[in-house]
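Asker: If you number the sequence shown the way my numbering does, the last residue is 215 and the count never jumps. We put the beta carbon where it would ideally sit given N, CA and C, even for glycine. Pasting a structure below so you can have a look.
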Amino acid sequence: MTSVFGADGKNMPCTVIEAGPCVVTQIRTVEKDGYAAVQLAYDETTEKHASAPLMGHFKKAGTTPRKKLAEFAADFEGELKLGDVLTVADVLKEGVAYVDVIGTSKGKGFQGVVHRYGFAGVGGVTHGQHNRLRHPGSMGASSWPSRVFPGMRMAGHMGGDRVKVFNLQVIKVIPENNLIVVKGSVPGAKGSYLMVEV
(Lines of atoms letter the chains of each structure in order from A; the text may use other names.)
(Lines give C-alpha, C1' and ligand atoms only; values in the text may rest on other atoms or scores of the structure.)
Protein backbone atom coordinates (compact mmCIF):
# COMPACT_ATOMS: atom_id res chain seq x y z
CA MET A 18 0.00 0.00 0.00
CA THR A 19 0.91 3.62 -0.40
CA SER A 20 -0.86 6.94 0.02
CA VAL A 21 -1.73 9.95 -2.11
CA PHE A 22 -3.04 13.40 -1.36
CA GLY A 23 -6.53 14.17 -2.64
CA ALA A 24 -7.82 17.45 -4.06
CA ASP A 25 -9.00 18.43 -0.57
CA GLY A 26 -5.48 17.93 0.85
CA LYS A 27 -6.33 14.77 2.79
CA ASN A 28 -3.89 11.85 2.72
CA MET A 29 -5.68 8.72 1.41
CA PRO A 30 -4.38 5.16 1.85
CA CYS A 31 -4.41 3.38 -1.49
CA THR A 32 -3.14 0.34 -3.38
CA VAL A 33 -1.45 0.26 -6.79
CA ILE A 34 -2.65 -2.61 -9.03
CA GLU A 35 -0.96 -3.63 -12.28
CA ALA A 36 -3.88 -4.66 -14.48
CA GLY A 37 -2.64 -5.80 -17.85
CA PRO A 38 -1.97 -6.18 -20.63
CA CYS A 39 -4.31 -9.20 -20.80
CA VAL A 40 -4.68 -11.41 -23.88
CA VAL A 41 -7.97 -13.01 -24.98
CA THR A 42 -7.23 -16.76 -25.12
CA GLN A 43 -10.76 -18.15 -25.39
CA ILE A 44 -14.29 -16.92 -26.06
CA ARG A 45 -17.06 -19.15 -24.74
CA THR A 46 -20.51 -19.02 -26.33
CA VAL A 47 -23.92 -20.31 -25.28
CA GLU A 48 -24.20 -22.49 -28.39
CA LYS A 49 -20.87 -24.27 -27.89
CA ASP A 50 -20.18 -24.14 -24.14
CA GLY A 51 -23.59 -23.50 -22.58
CA TYR A 52 -22.62 -20.09 -21.22
CA ALA A 53 -21.07 -16.85 -22.43
CA ALA A 54 -17.67 -15.76 -21.10
CA VAL A 55 -14.24 -14.54 -22.13
CA GLN A 56 -10.97 -16.04 -20.90
CA LEU A 57 -8.07 -13.66 -20.31
CA ALA A 58 -4.40 -14.55 -19.79
CA TYR A 59 -1.94 -12.42 -17.83
CA ASP A 60 1.75 -12.33 -16.86
CA GLU A 61 4.11 -13.69 -19.51
CA THR A 62 6.25 -16.73 -18.79
CA THR A 63 8.57 -19.04 -20.73
CA GLU A 64 7.65 -22.20 -22.63
CA LYS A 65 9.60 -24.20 -20.07
CA HIS A 66 7.09 -23.27 -17.38
CA ALA A 67 3.94 -24.05 -19.40
CA SER A 68 2.45 -27.51 -19.89
CA ALA A 69 2.03 -28.98 -23.38
CA PRO A 70 -1.79 -28.64 -23.38
CA LEU A 71 -1.52 -24.98 -22.33
CA MET A 72 1.11 -24.32 -24.99
CA GLY A 73 -1.36 -25.52 -27.61
CA HIS A 74 -4.04 -23.33 -26.05
CA PHE A 75 -1.80 -20.25 -26.25
CA LYS A 76 -0.59 -21.01 -29.80
CA LYS A 77 -4.23 -21.25 -30.95
CA ALA A 78 -4.75 -17.74 -29.59
CA GLY A 79 -1.48 -16.58 -31.19
CA THR A 80 0.22 -15.47 -27.99
CA THR A 81 3.14 -16.36 -25.77
CA PRO A 82 2.65 -18.50 -22.61
CA ARG A 83 1.08 -16.79 -19.61
CA LYS A 84 1.02 -17.65 -15.90
CA LYS A 85 -2.56 -16.78 -14.99
CA LEU A 86 -5.86 -17.54 -16.73
CA ALA A 87 -9.22 -16.14 -15.62
CA GLU A 88 -12.75 -16.18 -17.02
CA PHE A 89 -15.21 -13.31 -16.90
CA ALA A 90 -18.87 -14.13 -17.51
CA ALA A 91 -20.30 -11.81 -20.14
CA ASP A 92 -21.35 -11.96 -23.77
CA PHE A 93 -18.45 -10.48 -25.75
CA GLU A 94 -19.17 -12.32 -29.01
CA GLY A 95 -18.48 -10.02 -31.94
CA GLU A 96 -16.63 -7.49 -29.78
CA LEU A 97 -13.51 -9.55 -29.01
CA LYS A 98 -11.56 -12.19 -30.90
CA LEU A 99 -8.72 -14.55 -30.04
CA GLY A 100 -5.41 -12.79 -29.53
CA ASP A 101 -6.88 -9.37 -28.74
CA VAL A 102 -4.90 -7.47 -26.10
CA LEU A 103 -6.87 -5.61 -23.41
CA THR A 104 -5.25 -2.78 -21.49
CA VAL A 105 -6.41 -0.55 -18.66
CA ALA A 106 -7.26 2.21 -21.14
CA ASP A 107 -9.61 -0.19 -23.01
CA VAL A 108 -11.51 -1.37 -19.95
CA LEU A 109 -11.56 1.61 -17.60
CA LYS A 110 -13.26 4.24 -19.70
CA GLU A 111 -13.71 7.77 -18.42
CA GLY A 112 -16.22 7.93 -15.60
CA VAL A 113 -15.57 4.48 -14.04
CA ALA A 114 -15.28 5.47 -10.42
CA TYR A 115 -15.56 2.15 -8.54
CA VAL A 116 -14.30 -1.41 -9.03
CA ASP A 117 -14.63 -4.74 -7.20
CA VAL A 118 -11.42 -6.64 -6.42
CA ILE A 119 -11.19 -10.41 -5.83
CA GLY A 120 -8.15 -12.10 -4.33
CA THR A 121 -6.89 -14.75 -1.91
CA SER A 122 -6.30 -13.46 1.61
CA LYS A 123 -3.00 -14.00 3.40
CA GLY A 124 -2.68 -17.42 5.01
CA LYS A 125 -2.18 -17.28 8.79
CA GLY A 126 -1.92 -21.00 9.55
CA PHE A 127 -3.57 -22.68 12.54
CA GLN A 128 -4.93 -20.03 14.93
CA GLY A 129 -6.81 -20.12 18.21
CA VAL A 130 -10.26 -18.68 18.87
CA VAL A 131 -8.93 -15.38 20.27
CA HIS A 132 -7.11 -14.51 17.05
CA ARG A 133 -9.50 -16.22 14.64
CA TYR A 134 -12.86 -15.04 16.02
CA GLY A 135 -12.08 -12.42 18.63
CA PHE A 136 -13.06 -14.51 21.68
CA ALA A 137 -12.19 -12.92 25.01
CA GLY A 138 -10.60 -16.05 26.45
CA VAL A 139 -11.55 -17.71 29.72
CA GLY A 140 -10.90 -14.59 31.74
CA GLY A 141 -9.16 -14.11 35.09
CA VAL A 142 -6.19 -15.93 36.50
CA THR A 143 -7.97 -17.16 39.63
CA HIS A 144 -9.46 -20.59 40.37
CA GLY A 145 -6.21 -22.37 39.68
CA GLN A 146 -5.92 -21.35 36.01
CA HIS A 147 -2.39 -20.95 34.78
CA ASN A 148 -2.54 -21.84 31.07
CA ARG A 149 -6.13 -21.32 29.91
CA LEU A 150 -6.32 -17.57 29.32
CA ARG A 151 -6.75 -17.86 25.53
CA HIS A 152 -8.86 -21.03 25.47
CA PRO A 153 -12.43 -21.11 24.12
CA GLY A 154 -14.07 -22.19 27.38
CA SER A 155 -17.28 -24.22 27.57
CA MET A 156 -18.85 -24.85 24.16
CA GLY A 157 -21.11 -27.89 24.49
CA ALA A 158 -24.67 -28.18 25.79
CA SER A 159 -25.94 -30.19 28.79
CA SER A 160 -27.00 -33.85 28.81
CA TRP A 161 -28.94 -33.07 25.63
CA PRO A 162 -27.66 -33.24 22.95
CA SER A 163 -24.41 -34.38 24.60
CA ARG A 164 -22.40 -33.14 21.65
CA VAL A 165 -21.05 -29.98 20.07
CA PHE A 166 -23.22 -28.56 17.29
CA PRO A 167 -21.75 -28.42 13.76
CA GLY A 168 -20.43 -25.00 12.80
CA MET A 169 -19.24 -24.13 16.31
CA ARG A 170 -16.44 -21.59 16.11
CA MET A 171 -13.20 -23.28 17.15
CA ALA A 172 -9.48 -23.05 16.54
CA GLY A 173 -8.39 -23.95 13.03
CA HIS A 174 -6.93 -22.82 9.72
CA MET A 175 -7.19 -19.07 9.21
CA GLY A 176 -6.73 -17.09 6.01
CA GLY A 177 -6.14 -18.31 2.49
CA ASP A 178 -9.78 -17.63 1.56
CA ARG A 179 -11.25 -16.09 -1.56
CA VAL A 180 -12.21 -12.54 -0.64
CA LYS A 181 -14.13 -9.99 -2.68
CA VAL A 182 -13.89 -6.30 -1.77
CA PHE A 183 -16.70 -4.21 -3.19
CA ASN A 184 -16.77 -0.60 -4.40
CA LEU A 185 -13.13 0.45 -4.17
CA GLN A 186 -12.81 3.99 -5.44
CA VAL A 187 -10.52 4.46 -8.44
CA ILE A 188 -8.21 7.34 -7.52
CA LYS A 189 -6.03 7.36 -10.61
CA VAL A 190 -5.41 5.40 -13.81
CA ILE A 191 -1.93 5.31 -15.38
CA PRO A 192 -2.61 3.78 -18.84
CA GLU A 193 0.99 3.83 -20.12
CA ASN A 194 2.00 1.41 -17.32
CA ASN A 195 -1.40 -0.37 -17.00
CA LEU A 196 -1.71 0.73 -13.38
CA ILE A 197 -4.84 1.42 -11.33
CA VAL A 198 -4.66 3.26 -8.00
CA VAL A 199 -7.61 2.35 -5.74
CA LYS A 200 -8.51 3.76 -2.36
CA GLY A 201 -8.10 1.27 0.50
CA SER A 202 -6.63 -2.20 0.76
CA VAL A 203 -7.05 -5.33 -1.35
CA PRO A 204 -6.83 -9.00 -0.25
CA GLY A 205 -3.57 -10.92 -0.53
CA ALA A 206 0.14 -10.37 -0.13
CA LYS A 207 2.35 -8.14 -2.28
CA GLY A 208 2.74 -9.56 -5.76
CA SER A 209 -0.30 -11.83 -5.56
CA TYR A 210 -2.85 -12.11 -8.38
CA LEU A 211 -6.15 -10.22 -8.30
CA MET A 212 -9.26 -10.04 -10.44
CA VAL A 213 -10.65 -6.54 -11.01
CA GLU A 214 -14.32 -6.24 -11.99
CA VAL A 215 -15.76 -3.02 -13.36
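(1) So, with DSSP's three-state summary, where would you put M18?
(2) Does H74 pass the burial test, meaning 16 or more other C-beta atoms within 10 Å, or should it be called exposed?
(3) From this set, T63, K123, K98, R45, which residue's C-alpha is nearest F89's C-alpha?
(4) Do you know how far the Cα of P38 is from the Cα of V108?
(5) Bridge partners for D117 per DSSP, in chain order?
(6) If we count the other Cβ atoms within 10 Å of its Cβ and call it buried at 16 or more, is T19 buried or exposed?
(7) Write down every uninterrupted run of the alpha helix (DSSP H) in the stretch 23-98 whose length is 4 residues or greater and which is fully enclosed by it, in chain order.
(8) So, under 8 Å CB-CB, P204 and G135 are touching, yes? Tell me the CB distance rounded to an integer number of Å.
(9) I think P82 touches L99, with their Cβ atoms under 8 Å apart; what is that distance to the nearest whole Å?
(10) From G168, R164, V131, pick the residue whose C-alpha is nearest to that of L150; which is it?
Answerer: The answer reads as follows:
(1) Taking the first residue of the sequence shown as 1, we reach residue 18 at position 1. DSSP places M18 in coil when its eight states are reduced to three.
(2) On the sequence shown, residue 74 is found 57 positions in, with the first residue counted as 1. It counts as buried.
(3) Within the sequence shown, numbered from 1, the residue matching residue 89 stands at position 72. The shortest Cα separation from F89 among T63, K123, K98, R45 belongs to R45.
(4) Walking along the sequence shown from the start, residue 108 turns up at place 91. Walking along the sequence shown from the start, residue 38 turns up at place 21. Cα to Cα, the separation comes out at about 11 Å.
(5) Numbered from its first residue, the sequence shown carries residue 117 at position 100. Answer is E214, bridged to D117.
(6) As a position in the sequence shown, residue 19 is number 2, starting the count at 1. So T19 counts as exposed.
(7) 47-50, 69-78
(8) Residue mapping note: residue 204 aligns to position 187 of the sequence shown, counting from 1. Residue mapping note: residue 135 aligns to position 118 of the sequence shown, counting from 1. With a Cβ gap of about 19 Å, P204 and G135 do not count as contacting.
(9) As a working mapping, residue 82 is identified with position 65 in the sequence shown. As a working mapping, residue 99 is identified with position 82 in the sequence shown. Not really, about 15 Å apart at Cβ, beyond 8 Å.
(10) Reading the sequence shown from its first residue, position 133 is the one you call residue 150. Minimum Cα distance to L150 is reached at V131.
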